[in-house]
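Report on the following structure.
Here it is in structure tokens:
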């Protein structure tokens, strides 16, 4: 969970407890009214934006050394496919560039 999300969630629950204490509840009552900690944790995880979760998974997969090795092997094995495509793209860009200057 990103630090900013932790801060927002923490401030929300702190404010909720403070509001209940201002209404006359004791701190123990205010905390018990929030519910079970496991339920709260599940709700927080369910409310996380999908982009945050995907970003976290992508970062984890990038950090793994085995994935780096896999990408290197795939890049080497894929040379017969991506090298001609890259060369054709470069030649096309150069042809357009020269055509613009020829006019």
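Residue numbers (my numbering): 270 to 372.
Where is the CB? At the ideal position from N, CA and C, for every residue including glycine.
All values reported here derive from a predicted model rather than from experimental measurement.
Quiz prompt | Touching by the beta-carbon criterion (3+ pairs, under 8 Å), the segment 272-292 and the segment 302-309 | solution = yes
Quiz item: How about residue 344 and residue 351: are their beta carbons less than 9 Å apart?
Solution: It is a contact, given that the beta carbons lie within the stated cut-off.
Quiz item: Using a threshold of 8 Å, is the CB atom of residue 297 nearer than that to any non-hydrogen atom of the ligand FMN?
Solution: Only the bare structure without any ligand can be found here, which leaves the ligand FMN out of the picture.
Exercise. Within the same chain, show all residues whose beta-carbon is closer than 6 Å to that of residue 346, passing over the 5 residues directly before and after it, in chain order.
Key: none
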